[in-house]
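Engineer: Dumping the structure here so I can ask a few things about it.
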Amino acid sequence: MKSSVGYLIDRFLKLKEERSAYVIAHYYQRPEVQDVADFVGDSYSMALAARETPCETILVAGVDFMAETAVILCPEKTVLTPEPDATCPMANDITARDILKYRERYPDSIVVCYVNTPAEVKAVSDVCCTSSNAAKIIEKMPPEARIFFVPDHHLGHNIGHRLNRSIDLYRSCCPTHEEVRTGGLLELKQRYPAAKILVHPECRPEVVDVADFAGSTRAIIEYAEASEADSFIIGTECGILHPLQKANPRKEFILATKDLICPNMKSITLEKMIYSLEHMETRVMVEESVRLKARIALERMIEYAT
Ligand code: 13P
Ligand code: SF4
301 MKSSVGYLID RFLKLKEERS AYVIAHYYQR PEVQDVADFV GDSYSMALAA RETPCETILV
361 AGVDFMAETA VILCPEKTVL TPEPDATCPM ANDITARDIL KYRERYPDSI VVCYVNTPAE
421 VKAVSDVCCT SSNAAKIIEK MPPEARIFFV PDHHLGHNIG HRLNRSIDLY RSCCPTHEEV
481 RTGGLLELKQ RYPAAKILVH PECRPEVVDV ADFAGSTRAI IEYAEASEAD SFIIGTECGI
541 LHPLQKANPR KEFILATKDL ICPNMKSITL EKMIYSLEHM ETRVMVEESV RLKARIALER
601 MIEYAT
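Per the working numbering, the sequence shown starts with residue 301, numbered consecutively.
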């Protein structure tokens with residue numbers, strides 16, 4: 301007999317075909333949401349997937365800045381979110397005003413904004429980045445340039461440390477990745493001495509220091525696939541366990557702490573995705589003057605990252 305999730309999946313897939321919709325999901329989504337998506341990836345590859353699909357309707361299973369990014373890059377497409385309240389608290393910690401104030405003080409500086417920002421912040425930044433390309437982009441900045449990195453001070457610090465470059469940092473961070481502590485990691489390492497520690501660069505610098513690898517969600521998956529190790533301690537949101545386990549059925553993945561849950565990412569469900577396609581709601585909009593400026597920062601990121 302088919303489970304209720306099975307029925308929801310069938311209903312969703314039928315609607316997706318009827319609407320000719322393209323579904324893009326982040327690795328932090330629930331397993332059943334990832335399984336019905338046409339594309340699952342990190343925030344950078346989600347942006348590229350939105351640009352590349354010929355479909356006119358895109359449903360984004362991710363938080364609001366991910367859907368906004370698709371709108372900024374593809375204004376001709378209808379971008380839908382199944383949950384307009386799914387947001388990123390770190391992205392909401394910074395405003396365009398914070399950047400303009402900094403610019404008044406340092407008019408020649410370069411503002412690099414993490415993709416986890418509202419469109420209005422991207423619109424007053426010079427270049428955007430994601431965790432997969434932040435180092436590459438900052439490396440391309442003139443060595444004498446003063447750089448302001450917003451809003452994640454852990455990511456900014458971790459990149460600056462790796463590149464041996466001083467960067468001005470805005471003070472915000474991801475409440476989910478803050479939960480990863482070196483104490484917990486080292487305890488797990490004692491229990492699983494052969495395990496490699498893989499973490500997201502949104503983690504605290506001391507956590508990144510004890511890790512074997514720090515990278516974007518996609519880079520973590522690629523590392524685990526390529527590695528000869530057969531067990532891994534994972535310092536990023538729990539949704540990543542699904543693609544990790546799917547791609548590596550014989551390997552063991554241990555979550556660094558049970559608190560690695562992003563409630564906003566998890567607020568998206570199959571039921572909400574069905575409603576979204578049934579009613580073609582909620583359409584994500586970005587005011588045109590903001591979109592045009594934000595697009596410059598995003599297109600620059602793609603240019604520098606490739
Ligand atoms: P990635 O770009 O690595 O997928 O990260 C997005 C994010 O929100 C991490 O918390
Ligand atoms: Fe934002 Fe953290 Fe959730 Fe990523 S995991 S969306 S940075 S709150």
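For each residue, glycine too, the CB sits at the ideal point set by N, CA and C.
A quick note: this is a predicted structure, and the numbers were derived from the prediction, not measured.
1) Hey, which unbroken runs of the alpha helix (DSSP H) at 4 residues or more fall wholly within the stretch 305–368?
2) Would the stretch 358–374 count as touching the stretch 324–335 if we require 3 or more Cβ pairs under 8 Å?
3) Measure the CB-CB distance between Ala-419 and Glu-376 and report whether it falls below 7 Å.
4) Can you tell me which residues form a DSSP beta bridge with Ile-497?
5) Among the residues of its own chain, which have a CB less than 8 Å from the CB of Ser-527, if the five just before and after it don't count?
6) Among the candidates Asp-408, Cys-538, Ala-386, whose CA atom is the shortest distance from the CA of Pro-442?
7) Would Glu-502 and His-477 qualify as a contact pair, given that the criterion is a beta-carbon distance under 7 Å?
8) Confirm the yes/no value for this check: CB of Met-433, any heavy atom of the ligand SF4, distance under 6 Å.
9) So Leu-275 and Ala-350 are in contact, right, with Cβ under 8 Å, and what is the actual spacing, rounded?
10) Any heavy atom of the ligand 13P inside 6 Å of the beta-carbon of Glu-502?
11) For Gly-460, which of Lys-436, Glu-479, Cys-474 has the nearest alpha-carbon?
12) Look at the Cβ atom of Ile-568, then the Cβ atom of Ala-386, and state whether they are nearer than 7 Å.
13) Based on the DSSP output, what are the partners of Tyr-575 in its beta bridges?
14) Mapping the DSSP letters down to three states, classify Cys-538 as helix, strand or coil.
15) Label Glu-537 either buried or exposed according to how many other C-beta atoms from any shown protein chain fall within 10 Å of its C-beta, with 16 as the threshold for buried.
16) I need the boundaries of the beta strand (DSSP E) containing Glu-552, first residue and last residue.
17) Under a three-way DSSP split, which group does Ser-472 fall into?
Structural biologist: So, to answer that:
1) Taking 4 residues as the minimum length, the alpha helix (DSSP H) runs contained wholly in the stretch 305–368 are 331–336, 343–352, in order along the chain.
2) Output reads yes: the stretch 324–335 touches the stretch 358–374.
3) With respect to Glu-376, Ala-419 sits apart: the two C-beta atoms are not nearer than 7 Å.
4) Beta-bridge partners of Ile-497 (DSSP): Ile-533.
5) Excluding positions up to five away in sequence, the list reads Lys-496.
6) Out of Asp-408, Cys-538, Ala-386, the CA that lies nearest to the CA of Pro-442 is found in Asp-408.
7) A contact, by the Cβ cut-off of 7 Å.
8) The residue you asked about is not Met; residue 433 is Asn in the sequence shown. Checking the Cβ of Asn-433 against the ligand SF4 gives no.
9) Any answer about residue 275 is impossible in this case: the structure gives the chain only from 301 up to 606.
10) Distances taken from the Cβ of Glu-502 to the heavy atoms of the ligand 13P include one shorter than 6 Å.
11) Of the residues Lys-436, Glu-479, Cys-474, the one whose Cα lies closest to the Cα of Gly-460 is Lys-436.
12) Between Ile-568 and Ala-386, the C-beta spacing is below 7 Å.
13) Looking at the DSSP assignment, Tyr-575 forms no beta bridge with any residue, so it has no partner.
14) The three-state secondary structure of Cys-538, taken from DSSP, is helix.
15) Looking at its Cβ environment, which holds 16 or more other Cβ atoms inside 10 Å, Glu-537 is buried.
16) Run containing Glu-552: 552–555, per the beta strand (DSSP E) assignment.
17) Strand, per DSSP.
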